[in-house]
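Colleague: Protein sequence lines, in the order shown, are assigned to chains Y and U.
The numbering used here numbers the first residue of the first sequence as 1 and each following residue consecutively.
The numbering used here numbers the first residue of the second sequence as 178 and each following residue consecutively.
Glycine residues also receive a C-beta, built at the ideal position from the N, C-alpha and C atoms.
Starting off with a structure, shown below.
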Amino acid sequence: MSIFPVLIKNLRKKPATLRLPEEAPHPQDFRGLVKIDVEKCIGCGMCAYVCVSYAVRVNEFEDACEWLYLPGRCTYCGRCAAVCPGGALRMENGSVPVYSSAGELDEAHRVPYPACPECGRPARPVAEPVLKRAFGEPTEKVRAGIFLCQRCRLRRSQKDLWATAGKSIHARGESPE
Amino acid sequence: MSWGKIFTALFIFPGMLYAVPMAWLMLWLERKLRARMQGRIGPPFYQPFFDFVKLMAKKPILRSRADAILMTGLPLLAVSAGLVALALLPVFPGSRGFAGDLVLLVAFIEVPSLCAVLAGFASRSIFGQVGATREAVLSITYNLPFLTAVVALAYSAHSLALADIAAAPATWVRAPAVTTILLCLPVKLRINPFSVSNAEQEIYSGPATEFGGSQLAMWELAHGLEWVVLTGLAVCLGLPRTGAPVIDIALFAGLSLVLVVLLSFLAAGTARLKVAQAARFYWRWGMGLALAALILAMLPGIERFIR
């Protein structure tokens, strides 16, 4: 019989249920929707490569690449964000919203390729974290070359190679046996 | 009774037009109160209606023809029996009814339970069969005191017409008899502590386990109608009428809802009993009360006989 005072007390009180999602705090490393920072994306396609559920896709075009994300397929494993070399992908710290029609949350972002400073053709973008990872503290020379398109970069490195290698051949040629 | 009155009773008040929304309201009230007493939020008031609409739109699972006929027919029979039982309720004194409608009402009140038993076996599921067996056992258990109480009421009023019984002056018979009927409500409505036949977390939903779609929607509606009929019956038999139709309707509806609140308290505050415990309760306390009512009803006759 002592249950009935408890029931009446419960009736007077507010429900114990927390209203989702406002009141329940998410853990710090909660993996929600994948978000992209287009400025940092270098269009490498690693995210699409590691995605087991084919939720992240990268379509390449001549002057840009298209980053597609289909949350309906996503397993929220976090591999894409972990593997992203430019740190462009992160996972939202919140529940995925409820949606009523298929593909409502799908996202498509265009990552434009900047123009090559020498020839003006589209060149692969480079982000600061990638530079740091590859070169430590990149020198001025690296910085000057890294924004070139593939062709111009090749040409420049050939030139450099010829400059150094030619010198050494020359030096060898000069020295007598 | 004219056809117009029959039509009104079946389809307007206390029939379909009143009973169906009231059934949903009662189902909601019970769920909501139980949830709030357990510290949960509970559903919004239109939830039973939405459940019904959603279930109606769903396609039932294909079965063999014989099974399909049974599984569609039984819930429909339960719903119609509930509506007919409602139409027989003596909400207004003396205006409706015929000699012997008490017998018909008692029979129709029992039809949904019988349908549930048959449906449990027809669904060919082990959970359905266990639920059906329990329902059948309980039906024997609670009907004994229930029918005894009804007989006592009829005997003291010297009539088998519901209107006469309801209009009879309050006597010593009425208190134990109506109390017995009230005691039988939780088991007839299959709520705690007597939710033995539809014991969730134990045998899923008992007889209704294998039902889905429109068939399940009909079961839910039948269950809601059972709430309206049984609380209505208790109110009709337990309360004297004023004679003014509007006040009578308001009293009928309001007191039915009060009963729902009390039953919700009982459901939230108790745990499920075993079949044997439930049976013992009804045969000991229910039967004791009902017999007391019957003896009280027969006392004047015995007195006359002795003299």
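Please go through the same chain and pick out, in chain order, the residues whose beta-carbon is closer than 6 Å to the beta-carbon of Val-452 (chain U), but skip the five residues on each side of it.
Modeller: Within the second sequence, residue 452 (chain U) is the residue found at index 275, counting from 1. Arg-311, Val-314 and Val-373.
Colleague: Counting only C-beta atoms, is Met-248 (chain U) closer than 8 Å to chain Y at any point?
Modeller: Your numbering for residue 248 (chain U) matches position 71 in the second sequence. So no, Met-248 (chain U) is outside the interface.
Colleague: How long is the line joining the alpha carbons of Glu-177 (chain Y) and Glu-128 (chain Y), rounded to whole angstroms?
Modeller: If you number the first sequence from 1, residue 177 (chain Y) lands on position 177. If you number the first sequence from 1, residue 128 (chain Y) lands on position 128. At Glu-177 (chain Y), the pLDDT of 45 sits below 50, so the modelled position is not reliable; the number obtained from the coordinates is stated separately. Rounded to whole angstroms, Glu-177 (chain Y) to Glu-128 (chain Y) spans 49 Å at the Cα level.
Colleague: For the pair the region 104-122 of chain Y and the region 36-50 of chain Y, tell me if three or more CB-CB distances fall below 8 Å.
Modeller: Taking 8 Å as the limit for Cβ pairs, the verdict is that the region 36-50 of chain Y does touch the region 104-122 of chain Y.
Colleague: If we call anything under 8 Å between Cβ atoms a contact, is Ala-262 (chain U) one with Ile-238 (chain U)?
Modeller: Taking the second sequence and counting its residues from 1, the one referred to as residue 262 (chain U) is at position 85. Taking the second sequence and counting its residues from 1, the one referred to as residue 238 (chain U) is at position 61. No. Outside cutoff.
Colleague: Name, please, each residue of chain Y whose Cβ falls closer than 8 Å to the Cβ of Arg-217 (chain U).
Modeller: Along the second sequence, one-based indexing puts residue 217 (chain U) at 40. Correct list: Pro-15, Ala-16 and Thr-17.
Colleague: Can you name the residues of chain Y whose CB is closer than 7 Å to the CB of Ala-445 (chain U)?
Modeller: What you label residue 445 (chain U) is simply residue 268 of the second sequence in a count that begins at 1. The contacting residues are Leu-7.
Colleague: Would you kindly check if the distance between the Cβ of Ile-358 (chain U) and the Cβ of Phe-323 (chain U) is under 8 Å?
Modeller: Taking the second sequence and counting its residues from 1, the one referred to as residue 323 (chain U) is at position 146. Taking the second sequence and counting its residues from 1, the one referred to as residue 358 (chain U) is at position 181. In contact: Phe-323 (chain U) and Ile-358 (chain U) (Cβ atoms closer than 8 Å).
Colleague: Return no unless some Cβ of chain Y is closer than 8 Å to the Cβ of Met-203 (chain U).
Modeller: For the purposes of this step, residue 203 (chain U) is taken as residue 26 along the second sequence, with counting starting at 1. No - not a single Cβ of chain Y is within 8 Å of the one on Met-203 (chain U).
Colleague: What does the Cβ neighbour count give for Gly-305 (chain U), buried or exposed, with the cut at 16 atoms within 10 Å?
Modeller: Here residue 305 (chain U) refers to the residue found at position 128 of the second sequence. Its Cβ being crowded by 16 or more others within 10 Å, Gly-305 (chain U) is buried.
Colleague: Assuming Ala-444 (chain U) and Glu-207 (chain U) form a contact by the criterion Cβ under 8 Å, report the distance between their Cβ atoms to the nearest whole angstrom.
Modeller: Position 267 of the second sequence holds residue 444 (chain U). Position 30 of the second sequence holds residue 207 (chain U). At roughly 7 Å, the Cβ-Cβ gap stays under 8 Å, so Ala-444 (chain U) and Glu-207 (chain U) are in contact.
Colleague: Going along chain Y in order, which residues have a C-beta closer than 8 Å to the C-beta of Arg-213 (chain U)?
Modeller: For the purposes of this step, residue 213 (chain U) is identified with residue 36 of the second sequence, where counting begins at 1. Under the 8 Å cutoff, chain Y gives Asn-10, Leu-11 and Pro-15.
Colleague: Work out the CA separation of Pro-252 (chain U) and Ala-399 (chain U) for me, nearest whole Å.
Modeller: Taking the first residue of the second sequence as position 1, residue 399 (chain U) is located at position 222. Taking the first residue of the second sequence as position 1, residue 252 (chain U) is located at position 75. Going from the Cα of Ala-399 (chain U) to the Cα of Pro-252 (chain U) covers about 7 Å.
Colleague: Please report how far the alpha carbon of Ala-430 (chain U) lies from the alpha carbon of Pro-370 (chain U), in whole angstroms.
Modeller: Walking along the second sequence from the start, residue 430 (chain U) turns up at place 253. Walking along the second sequence from the start, residue 370 (chain U) turns up at place 193. If you take the alpha carbons of Ala-430 (chain U) and Pro-370 (chain U), they lie about 25 Å apart.
Colleague: From the DSSP output, which residues share a beta bridge with Leu-68 (chain Y)?
Modeller: For the purposes of this step, residue 68 (chain Y) is identified with residue 68 of the first sequence, where counting begins at 1. DSSP output for Leu-68 (chain Y) lists Y:Arg-57 and Y:Ala-108 as bridge partner(s).
Colleague: Taking the continuous alpha helix (DSSP H) assigned at Val-328 (chain U), which residues delimit it?
Modeller: On the second sequence, position 151 is the one that residue 328 (chain U) refers to. Segment 303-334, the alpha helix (DSSP H) holding Val-328 (chain U).
Colleague: Given that Phe-442 (chain U) touches chain Y, what residues does it touch there, using C-beta distances under 8 Å?
Modeller: Against the second sequence, residue 442 (chain U) aligns to sequence position 265. Correct list: Phe-4 and Leu-7.
Colleague: The beta strand (DSSP E) with Ile-36 (chain Y) in it runs from where to where?
Modeller: In the first sequence, counting from the first residue as 1, residue 36 (chain Y) sits at position 36. From DSSP, the beta strand (DSSP E) with Ile-36 (chain Y) extends over 34-36.
Colleague: Work out the CA separation of Asn-375 (chain U) and Ala-385 (chain U) for me, nearest whole Å.
Modeller: The residue given as residue 385 (chain U) occupies position 208 in the second sequence. The residue given as residue 375 (chain U) occupies position 198 in the second sequence. Rounded to whole angstroms, Ala-385 (chain U) to Asn-375 (chain U) spans 8 Å at the Cα level.
Colleague: With respect to the alpha helix (DSSP H) encompassing Arg-449 (chain U), which residues constitute its N-terminal and C-terminal limits?
Modeller: Translated into the one-based positions of the second sequence, residue 449 (chain U) becomes position 272. No alpha helix (DSSP H) holds Arg-449 (chain U); DSSP gives it neither H nor E.
Colleague: Measure the C-alpha to C-alpha separation of Asp-341 (chain U) and Ala-334 (chain U) and round it to an integer number of angstroms.
Modeller: For the purposes of this step, residue 341 (chain U) is identified with residue 164 of the second sequence, where counting begins at 1. For the purposes of this step, residue 334 (chain U) is identified with residue 157 of the second sequence, where counting begins at 1. Distance between the alpha carbons of Asp-341 (chain U) and Ala-334 (chain U) is about 7 Å.
Colleague: Among residues of its own chain, excluding the 5 on either side of Leu-247 (chain U), which ones have a beta-carbon nearer than 8 Å to its beta-carbon?
Modeller: If you number the second sequence from 1, residue 247 (chain U) lands on position 70. Closer than 8 Å at the Cβ level, and outside the excluded window around Leu-247 (chain U), lie Leu-295, Ala-296 and Ala-299.
Colleague: Could you tell me the distance, in whole angstroms, from the CA atom of Asp-63 (chain Y) to the CA atom of Thr-75 (chain Y)?
Modeller: Stepping through the first sequence from its first residue, residue 63 (chain Y) is reached at position 63. Stepping through the first sequence from its first residue, residue 75 (chain Y) is reached at position 75. One C-alpha to the other measures close to 31 Å.
Colleague: Residues in its own chain within less than 6 Å of Pro-138 (chain Y) by CB, not counting five upstream and five downstream?
Modeller: Here residue 138 (chain Y) corresponds to residue number 138 of the first sequence, with the count starting at 1. So the list reads Leu-131, once near-sequence residues are dropped.
Colleague: When you compare the CB positions of Ala-514 (chain U) and Ala-470 (chain U), do they come within less than 8 Å of one another, or not?
Modeller: Within the shown structure, residues of chain U are numbered from 178 to 484, placing residue 514 (chain U) beyond reach of any answer.
Colleague: I believe Asp-228 (chain U) touches Glu-397 (chain U) by the beta-carbon criterion, under 8 Å. Please report the beta-carbon distance rounded to the nearest angstrom.
Modeller: Numbered from its first residue, the second sequence carries residue 228 (chain U) at position 51. Numbered from its first residue, the second sequence carries residue 397 (chain U) at position 220. With a Cβ gap of about 7 Å, Asp-228 (chain U) and Glu-397 (chain U) count as contacting.
Colleague: So is the beta-carbon of Val-111 (chain Y) under 7 Å away from any non-hydrogen atom of the ligand ADP?
Modeller: Among the components modelled here there is no ligand, and therefore nothing to report on the ligand ADP.
Colleague: Between the region 2-16 of chain Y and the region 87-99 of chain Y, are three or more C-beta pairs nearer than 8 Å?
Modeller: Because the criterion of three Cβ pairs below 8 Å is not met, the region 2-16 of chain Y and the region 87-99 of chain Y do not touch.
Colleague: Count the C-beta pairs between the region 113-129 of chain Y and the region 145-164 of chain Y that are closer than 8 Å, then say yes if the count reaches three, no if not.
Modeller: Counting Cβ pairs under 8 Å, three or more are found: they touch.
Colleague: Rounded to whole angstroms, what is the Cα-Cα separation between Thr-185 (chain U) and Gly-192 (chain U)?
Modeller: Position 8 of the second sequence, counting from 1, holds the residue named residue 185 (chain U). Position 15 of the second sequence, counting from 1, holds the residue named residue 192 (chain U). Their Cα atoms are separated by approximately 7 Å.
Colleague: Are the region 66-85 of chain Y and the region 44-54 of chain Y touching by the rule of at least three beta carbon pairs closer than 8 Å?
Modeller: The answer is yes - the region 44-54 of chain Y touches the region 66-85 of chain Y, with three or more Cβ pairs under 8 Å.
Colleague: Put Pro-176 (chain Y) into one of helix, strand or coil per three-state DSSP.
Modeller: Residue mapping note: residue 176 (chain Y) aligns to position 176 of the first sequence, counting from 1. Bear in mind that the predicted position of Pro-176 (chain Y) carries a pLDDT of just 47, short of 50, making it too unreliable to give a figure here.
Colleague: Rounded C-beta distance between Arg-31 (chain Y) and Gly-103 (chain Y)? I'm assuming under 8 Å.
Modeller: In the first sequence, counting from the first residue as 1, residue 31 (chain Y) sits at position 31. In the first sequence, counting from the first residue as 1, residue 103 (chain Y) sits at position 103. Wrong, their Cβ atoms sit about 21 Å apart, outside the cutoff.
Colleague: Can the beta-carbon of Ile-380 (chain U) be found less than 8 Å from the beta-carbon of Val-268 (chain U)?
Modeller: Position 203 of the second sequence, counted from the start, is the residue given in the question as residue 380 (chain U). Position 91 of the second sequence, counted from the start, is the residue given in the question as residue 268 (chain U). It is not a contact, given that the beta carbons lie outside the stated cut-off.
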